[in-house]
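K.L.:
Take this structure, written in structure tokens, and hold onto it; I'll ask about it next.
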Amino acid sequence: MREETLERRTFAVSLLDELASEGELTFGELLRTVGSSRATLATTLVELNQEGLVFKRRLGRRTFYTITPDGARALTEMPVETRLFDDRITNLVGRRLTEVGGWDPHLWVQDLWIRRLRTRVVKVLNRIQSQGPNGLLNGKKKKR
């Protein structure tokens with residue numbers, strides 16, 4: 002992906018997890034599930050498709066997305082720690098408190114949000130890694 006921020010990686014992982022657990026989903030279903038903007042979802046899906054992690058299929062006006070074997074492998078084989086633990090915001094909050102001696106509620110909210118995302122994604126990845134790539138591809142439910 003072009004800009005490797007924690008938020009983008011976390012969002013991409015949550016998309017891959019959703020596709021792995023639910024099977025083939027339309028753009029609209031993904032939009033309702035992940036709760037992002039249309040532009041963010043579209044951009045991330047294009048990038049995941051270009052990287053071979055997601056397969057895109059059109060049927061009339063509807064576009065369906067499915068996780069590929071490479072996408073399942075990426076979820077199960079890549080160590081969680083190397084992708085998720087980025088404490089730049091946490092360090093920024095600490096530095097701001099030290100430098101200014103004051104409270105910055107915006108940074109605190111941003112730090113809290115990132116910590117919650119990180120916790121959610123670690124749980125998801127641990128569950129997925131315990132299944133292995135074949136478990137993801139063979140055990141998915143079809144949702145229509």
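In this text, residue positions in the sequence shown follow this note's numbering: the first is 2, and each later residue adds one.
Backbone N, C-alpha and C fix where the C-beta goes; we use that ideal spot for every residue, glycine too.
(1) Does DSSP put ARG63 in a helix, a strand or coil?
(2) Cα separation between VAL14 and GLY24?
(3) Just reading off the alpha helix (DSSP H) that GLY29 is part of, what are its end residues?
(4) Only counting the same chain, and skipping five residues up and downstream in sequence, which positions put a Cβ closer than 6 Å to that of ARG58?
(5) Can you tell which of PHE12, VAL47 and GLU52 has its C-alpha closest to the C-alpha of VAL35?
P.N.:
Quick answer:
(1) strand
(2) 15 Å
(3) 28-35
(4) PHE65
(5) PHE12
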